[in-house]
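One structure below.
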Amino acid sequence: MNSNNKNMRAPSLTGLRMRIVALLWRVGEEAFAEIDAFAWVQRWEIRRTWHAHTYRDPRFDALAPCRVCSAKGRCPTGLPCRRCRGTGRVNLLETPSSRKPERPSGGRA
Ligand SMILES: [Zn+2]
Numbered sequence: 007m008n009s010n011n012k013n014m015r016a017p018s019l020t021g022l023r024m025r026i027v028a029l030l031w032r033v034g035e036e037a038f039a040e041i042d043a044f045a046w047v048q049r050w051e052i053r054r055t056w057h058a059h060t061y062r063d064p065r066f067d068a069l070a071p072c073r074v075c076s077a078k079g080r081c082p083t084g085l086p087c088r089r090c091r092g093t094g095r096v097n098l099l100e101t102p103s104s105r106k107p108e109r110p111s112g113g114r115a
């Protein structure tokens, strides 16, 4: 009889733990629902745990160090790098023509 009681308790304790975990997940999902919806609209990556949600814009993957200025943002002359506009990084998603706003429109180089 005692062994039956012990056998009966083990599943119920596990069941209780599972219910607590499920409750914590549900509370977390409700707490982050509005922020998650915003992140989903922005197409951000969402990493979830029961107590934290982490958001990341995948467009950051398109940023690379500028090879012209070695990611310093300045030319040897001290002027801002024209390729990266002084930021030290380039966006690989931008077309080369959109990276050169300093060039006069209509002019030929
Ligand atoms: Zn540069």
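Plus 6 on top of the position in the sequence shown (first one is 1) and you've got our numbering.
In this text, a Cβ means the ideal position worked out from N, Cα and C, and glycines have one as well.
Distance between residue j and residue i (C-alpha atoms, nearest Å)
i	j	result
L98	A68	5 Å
H57	R65	26 Å
P110	Y61	Residue placement at P110 is flagged as unreliable, the pLDDT there being 43, under the threshold of 50; the coordinate-derived value follows with that caveat. Those two C-alpha atoms are separated by around 39 Å.
S76	V96	11 Å
T204	E100	No answer is possible for residue 204: it lies beyond the span of the chain, which begins at 7 and ends at 115.
L22	L30	12 Å
S9	G34	Confidence in S9 is poor, its pLDDT being 49 and thus under 50, which makes the residue's placement unreliable; the coordinate value appears in the next sentence. Taking the straight line joining both Cα atoms gives about 38 Å.
E40	P82	48 Å
R32	M24	12 Å
Distance CB(residue i)-CB(residue j) smaller than 8 Å
i	j	result
G145	G94	Only positions 7 to 115 of the chain appear in the structure, and residue 145 is not among them; the question remains open.
R89	V74	yes
Residue closest to residue i, alpha-carbon to alpha-carbon, out of the options
i	options	result
D63	A45, A77 and V74	A45
E36	L19, H59 and C90	H59
V27	A39, E40 and T55	T55
F38	C87, R53 and P82	R53
Mind listing which residues have their beta carbon within less than 5 Å of any non-hydrogen atom of ligand 1? Chain order is fine.
-> Output, sorted by chain position: C72, V74, C75, C87, R89 and C90.
Just checking, does the segment 70-87 make contact with the segment 38-57 on the three C-beta pairs under 8 Å criterion?
-> Output reads no: the segment 38-57 does not touch the segment 70-87.
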